[in-house]
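Working notes, structure below.
Protein chains: 2
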Amino acid sequence: MNWKEKLASNGHRITQAREQMMRLLSQTQVPLSPMQIHSALREQGSKMGLVSVYRNLNLLMDYDLVCMLVAPDGNAGYVAGGTGHHHHILCKVCQSSAIFDECEDFSELISKIEAQTQFVVGDHFLQFYGLCPQCQETYV
Amino acid sequence: MNWKEKLASNGHRITQAREQMMRLLSQTQVPLSPMQIHSALREQGSKMGLVSVYRNLNLLMDYDLVCMLVAPDGNAGYVAGGTGHHHHILCKVCQSSAIFDECEDFSELISKIEAQTQFVVGDHFLQFYGLCPQCQETYV
DNA sequence: CCCTTATTGATAGTATTTTTCAATAAGGAT
DNA sequence: ATCCTTATTGAAAAATACTATCAATAAGGG
Numbered sequence: 001m002n003w004k005e006k007l008a009s010n011g012h013r014i015t016q017a018r019e020q021m022m023r024l025l026s027q028t029q030v031p032l033s034p035m036q037i038h039s040a041l042r043e044q045g046s047k048m049g050l051v052s053v054y055r056n057l058n059l060l061m062d063y064d065l066v067c068m069l070v071a072p073d074g075n076a077g078y079v080a081g082g083t084g085h086h087h088h089i090l091c092k093v094c095q096s097s098a099i100f101d102e103c104e105d106f107s108e109l110i111s112k113i114e115a116q117t118q119f120v121v122g123d124h125f126l127q128f129y130g131l132c133p134q135c136q137e138t139y140v
Numbered sequence: 001m002n003w004k005e006k007l008a009s010n011g012h013r014i015t016q017a018r019e020q021m022m023r024l025l026s027q028t029q030v031p032l033s034p035m036q037i038h039s040a041l042r043e044q045g046s047k048m049g050l051v052s053v054y055r056n057l058n059l060l061m062d063y064d065l066v067c068m069l070v071a072p073d074g075n076a077g078y079v080a081g082g083t084g085h086h087h088h089i090l091c092k093v094c095q096s097s098a099i100f101d102e103c104e105d106f107s108e109l110i111s112k113i114e115a116q117t118q119f120v121v122g123d124h125f126l127q128f129y130g131l132c133p134q135c136q137e138t139y140v
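First to last, the sequence lines map onto chains A and B.
Numbers 1 to 140, taken from this note's numbering, label the letters of the first sequence in order.
Numbers 1 to 140, taken from this note's numbering, label the letters of the second sequence in order.
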């Protein structure tokens, strides 16, 4: 089920604004702020308002169609979301991101955490930082 | 080396504002926003300005004396930082947090990520969400 | 106790996000 | 294809979050 079906089957409309945003985000590896998304789309001739960017980001987040990433400096940005459980790695130099779905089996770690903290463990947020292939060439 | 020594040995002063912030944060499990920190301290009679909260949060972050956590809804908040490499688990209901230092050995996962993404992997941000002991009683 | 200067609070300024509301367009019904 | 309903939109304004500036203060070495 692609993103259009996902939205449509939940009673949401496939609008130009949403198509433009999804296209931009899936073409971009670098996490974009709402403002950056707005500027990029205006430059491409879109008439979309910044408010719609915020609204649609919220909607797309609800359906896991976009992901929020946190840069090393704490700034947040959005990228197109992969399907299913996955995580991102972010280049410390150029901010470019990549998806990996090889998610470790955390069951052993979760047992330790539950023993140590008395919490019942649910889901998690895991993100790696590193150097992308291009920046390896440039900086190593 | 406690936080006072850490700051002092780097030429920073141990001010009332910093003592108040560190005391508040180490007494609180729930991540607090800059605004919440400011309000809480004013209620306790402090004359600190909101601006100093921001400035000192930045400073304390630089020395890993406080940590920024990301709530499930994406909101950020600050807690007193543990020593050394550690992670947090956050209660989905009451936002209360706990520290765990049993950090899995990620070397195998890192190899997989590097193979899959061609990135060189550096550090990571890992945070769990779950239910704290109190909320387990209330909601289960 | 004095002196230097990092730190502070207040004010003002900028950036970010949310609210409101009439106009528009998506898409099912006709 | 055209109409109708209403989710969605853009614009303007309001609310919130964060940063810059600067004179006054207080931390801490001498």
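For every residue, glycine included, the Cβ atom is placed at its ideal position computed from N, Cα and C.
These figures come from a predicted structure and were not determined experimentally.
1) Chain A partners of Cys-94(B), CB-CB under 9 Å?
2) Please work out which residues of its chain come closer than 6 Å, Cβ to Cβ, to Gly-77(B), disregarding the five sequence neighbours upstream and downstream, and give them in chain order.
3) Any C-beta of chain A sitting closer than 8 Å to the C-beta of Ile-14(B)?
4) In angstroms, rounded to a whole number, what distance separates the CA positions of Ser-46(B) and His-87(A)?
5) From the DSSP output, which residues share a beta bridge with Cys-91(A)?
6) Is Leu-60(A) helix, strand or coil when you go by DSSP?
7) Could you run through the stretch 57 to 69 of chain A and flag, in chain order, every residue whose CB is less than 9 Å away from some CB of chain B?
8) Between the stretch 114 to 134 of chain B and the stretch 123 to 139 of chain A, can you find at least three pairs of beta-carbon atoms closer than 8 Å?
9) Would you identify the three-state DSSP class for Leu-7(B), choosing helix, strand or coil?
10) Between Pro-72(B), Asp-123(B) and Ala-17(B), which has its C-alpha nearest Asp-62(A)'s C-alpha?
11) Going along the chain, which residues of its own chain have a beta-carbon closer than 7 Å to the beta-carbon of Glu-137(A), five neighbours each way excluded?
12) List the DSSP bridge partners of His-124(B).
13) Excluding the 5 residues flanking Arg-18(B) on each side, which residues of the same chain have their C-beta closer than 6 Å to its C-beta?
14) Taking Met-35(B) as part of the alpha helix (DSSP H), name the residues at either end of that continuous run.
15) Who are the near neighbours of Gln-95(B) in its chain, counting only those whose CB is closer than 7 Å to its CB and skipping five residues on each side?
16) Quick check on the burial criterion: 16 or more other C-beta atoms within 10 angstroms. Buried or exposed for His-124(A)?
17) I need the DSSP call for Leu-69(A), collapsed to helix, strand or coil.
18) Who are the neighbours of His-124(A) on chain B, taking C-beta pairs under 7 Å?
19) Determine the extent of the alpha helix (DSSP H) in which Ile-113(A) is found, giving its start and end residues.
20) Just the C-alpha distance for Ala-115(A) and Ile-14(A), rounded to the nearest angstrom, thanks.
21) Use the C-beta contact count for Met-35(A): other C-beta atoms within 10 angstroms, 16 or more gives buried, fewer gives exposed.
22) Along the stretch 105 to 118 of chain B, what residues have a CB closer than 9 Å to any CB found in chain A?
23) Opposite Phe-77(B) in the DSSP bridges: which residues?
24) With 16 other CB atoms within 10 Å as the buried threshold, where does Val-79(B) fall?
25) Measuring alpha carbon to alpha carbon, tell me which of Trp-3(B), Glu-102(B) and Leu-59(B) ends up nearest Glu-108(A).
26) Using a Cβ-Cβ cut-off of 6 Å (strictly less than) and excluding sequence neighbours within five positions of Asn-10(A), which residues of its own chain qualify?
27) Based on the DSSP secondary-structure assignment, which residues constitute the bridge partners of Ala-98(B)?
28) Decide if Val-66(B) is buried, meaning its Cβ has at least 16 other Cβ atoms within 10 Å, or exposed.
29) Looking only at C-alpha atoms, which of Ile-113(B), Ile-37(B) and Ile-99(B) sits nearest to Gly-146(B)?
Answer, in terms of the structure:
1) Residues of chain A passing the Cβ test: none, with the nearest at roughly 11 Å.
2) Pro-31, Leu-32, Ser-33 and Leu-69
3) no
4) 42 Å
5) Gly-130(A)
6) helix
7) Met-61 and Met-68
8) yes
9) helix
10) Pro-72(B)
11) none
12) Phe-128(A)
13) Asn-56
14) 34 to 43
15) Val-30, Pro-31 and Ala-71
16) buried
17) strand
18) Leu-126, Gln-127, Phe-128 and Tyr-129
19) 107 to 117
20) 47 Å
21) exposed
22) Phe-106, Glu-108, Leu-109, Ile-110, Lys-112, Ile-113, Glu-114, Ala-115, Gln-116, Thr-117 and Gln-118
23) For the record, residue 77(B) in the displayed sequence is Gly; it is not Phe. Leu-69(B).
24) buried
25) Glu-102(B)
26) none
27) Ile-89(B)
28) buried
29) No answer is possible for residue 146(B): the residues shown for chain B start at 1 and end at 140.
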